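Per the numbering used here, the sequence shown starts with residue 6, numbered consecutively. We treat Cβ as the ideally placed atom computed from N, Cα and C, and that holds for glycine. Keep in mind that this is a model prediction, so the values were computed, not measured. Here is the structure we will look at, set down as structure tokens.
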Amino acid sequence: MRAVRPHESLHAPAIGACVEYEQSARPNGQIRRGRPDVLRADEMLDYFDVLADLHRSRRPTTYLEIGVFRGDALRLASEDAVCVGVDPEPVLEPGNGGHCHIEAMTSDAFFASPRPRELFGDRPIDMVFIDGMHLFEYALRDFNNAEALSTSESIILVHDCLPRDAVTASRERTTDHWTGDVWKLVLCLLDCRPNLDLSIIDVPPSGLCVIRRLDPSDNTLRDAYNAIVEKYRPLGFEAWEARSADVLQRTTNNPEAKSWSRRKEFVALRDRLAESEAESAALRDRLAKAETMRERLARSETRTRELEAQLRLVSASTSWRLTAPLRRVGASVRRRGA
Ligand SMILES: C[S@@+](CC[C@H](N)C(=O)[O-])C[C@H]1O[C@@H](n2cnc3c(N)ncnc32)[C@H](O)[C@@H]1O
Numbered sequence: 006m007r008a009v010r011p012h013e014s015l016h017a018p019a020i021g022a023c024v025e026y027e028q029s030a031r032p033n034g035q036i037r038r039g040r041p042d043v044l045r046a047d048e049m050l051d052y053f054d055v056l057a058d059l060h061r062s063r064r065p066t067t068y069l070e071i072g073v074f075r076g077d078a079l080r081l082a083s084e085d086a087v088c089v090g091v092d093p094e095p096v097l098e099p100g101n102g103g104h105c106h107i108e109a110m111t112s113d114a115f116f117a118s119p120r121p122r123e124l125f126g127d128r129p130i131d132m133v134f135i136d137g138m139h140l141f142e143y144a145l146r147d148f149n150n151a152e153a154l155s156t157s158e159s160i161i162l163v164h165d166c167l168p169r170d171a172v173t174a175s176r177e178r179t180t181d182h183w184t185g186d187v188w189k190l191v192l193c194l195l196d197c198r199p200n201l202d203l204s205i206i207d208v209p210p211s212g213l214c215v216i217r218r219l220d221p222s223d224n225t226l227r228d229a230y231n232a233i234v235e236k237y238r239p240l241g242f243e244a245w246e247a248r249s250a251d252v253l254q255r256t257t258n259n260p261e262a263k264s265w266s267r268r269k270e271f272v273a274l275r276d277r278l279a280e281s282e283a284e285s286a287a288l289r290d291r292l293a294k295a296e297t298m299r300e301r302l303a304r305s306e307t308r309t310r311e312l313e314a315q316l317r318l319v320s321a322s323t324s325w326r327l328t329a330p331l332r333r334v335g336a337s338v339r340r341r342g343a
């Protein structure tokens, strides 16, 4: 692993987004590697789970991550893969990137440099995760540059493509959690590259877009870059609102997105099942206690009846009746004494 540049000043916008999510979703900074379908019901499914699953199922031999931050997603890459993380200010302790190469520069500088070729050689990049600067034109350039180094079998993943509200999805960052206007890349790809296969997986915190059927020889976006930026950059959140239903309908039909929504359903159901089992156990416990009480009541009632019968026997006996005058005298003596 190459040396990591010290990072006294952090890249505010993108890092802020990470910090907010990390603190809420991964309090210990731990990354799970377990299979999503055996997750405990109280664990949330998020983009790390989707990434881990893709690493496991696709086994990319070459992996590039743009925007590394603490390296949490980067560490999901298999040890067998040539793994490269690019970030101008990675928040990664030296030695904490595992087997991955950390390139401390912007993605534009990386793609313009000989580093991709030096690191990957002639091999195409099997899987790319775009999670660097959260502005449309940066994400577009990252996509263009990544696709040029891919094959039709590769996949490109884009983080933060499912905006949650106008404030966190705007170009100006005013909140901790900030997705920026990366969502415009989805609209742009649907409009300009209809042959791409897009799938949006609705996982916290702000979705993951999986792009397949790449074509490194397609120059549509590269040739029209300026016009595209001019068209999409000024769009406001209302542009997303106007098209989101259509976008989601078209992109969540993909088997992968479906499979993930099934998993969410699975975890939610397992959660409810666990709650229901706990309630049944508590009720069984109360019922067992009630049954013990019922048995004690039955025993007590039997004893009461036996005592009543014994009392009746004693009252009906000759000796009790013959000694009645004595008891009356005794009682009157006690009254006088009192
Ligand atoms: C959201 S964080 C990345 C989180 C990481 N991918 C993960 O899931 O654990 C965004 C990172 O992008 C980096 N970044 C900002 N501008 C960049 C650029 N032009 N090129 C590459 N990375 C950039 C920031 O320094 C920050 O660490």
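So for residue i, helix, strand or coil by DSSP?
| i | result |
| --- | --- |
| Cys88 | strand |
| Cys166 | coil |
| Phe74 | coil |
| Asp202 | strand |
| Gly342 | helix |
| Leu331 | helix |
| Thr309 | helix |
| Thr323 | helix |
| Leu140 | coil |
| His106 | strand |
| Thr297 | helix |
| Leu69 | strand |
| Val215 | strand |
| Ile130 | coil |
| Ala336 | helix |
| Gly34 | Only weak support is given to the placement of Gly34: the predicted model assigns it a pLDDT of 40, under 50, and the value that follows is read from those uncertain coordinates. The answer is coil: DSSP assigns Gly34 none of H, G, I, E or B. |
Between the Cα of residue i and the Cα atoms of the options, which residue gives the shortest distance?
| i | options | result |
| --- | --- | --- |
| Asp196 | Val215, Asp207, Tyr237, Ser159 | Tyr237 |
| Asp165 | Leu201, Pro210, His106, Ser266 | Pro210 |
| Ala218 | Pro239, Ser159, Leu194, Arg255 | The sequence shown places Arg at residue 218, not Ala. Nearest of Pro239, Ser159, Leu194, Arg255 to Arg218, Cα basis: Ser159. |
| Thr66 | Leu124, Ser222, Arg332 | Leu124 |
| Ala114 | Asp92, Glu280, Val334 | Asp92 |
| Cys105 | Ala86, Pro330, Arg120, Ile130 | Ala86 |
| Ser62 | Leu50, Ala109, Val73, Leu81 | Leu81 |
| Val191 | Arg301, Leu167, Leu302 | Leu167 |
| Arg176 | His139, Cys193, Asp147 | His139 |
| Glu246 | Asn231, Arg64, Arg169 | Arg169 |
| Thr257 | Gly212, Arg289, Arg277 | Gly212 |
| Met110 | Val73, Met298, Ser83 | Val73 |
Would residue i pass as a contact of residue j if the rule is Cβ separation under 7 angstroms?
| i | j | result |
| --- | --- | --- |
| Val208 | Ala144 | no |
| Ser204 | Ala262 | yes |
| Arg75 | Val55 | no |
| Gly137 | Ile71 | yes |
| Leu69 | Val163 | no |
| Ile130 | Ser155 | yes |
| Val172 | Thr184 | no |
| Asn149 | Arg275 | no |
| Ala153 | Pro221 | yes |
| Trp325 | Val334 | no |
| Val2 | Glu98 | The question about residue 2 has no answer, for the chain in this structure spans 6 to 343. |
| Asp147 | Ser112 | yes |
Give the C-beta separation of residue i and residue j to the nearest angstrom, bearing in mind that I take them to be a contact with Cβ-Cβ under 8 angstroms.
| i | j | result |
| --- | --- | --- |
| Phe116 | Ala174 | No, Phe116 and Ala174 are not in contact; Cβ-Cβ is about 26 angstroms, not under 8 angstroms. |
| Ile161 | Ile216 | 4 angstroms |
| Ala50 | Arg268 | At residue 50 the sequence reads Leu, which differs from the Ala that was named. Their Cβ separation, rounded to whole angstroms, is 6 angstroms, which keeps Leu50 and Arg268 in contact under 8 angstroms. |
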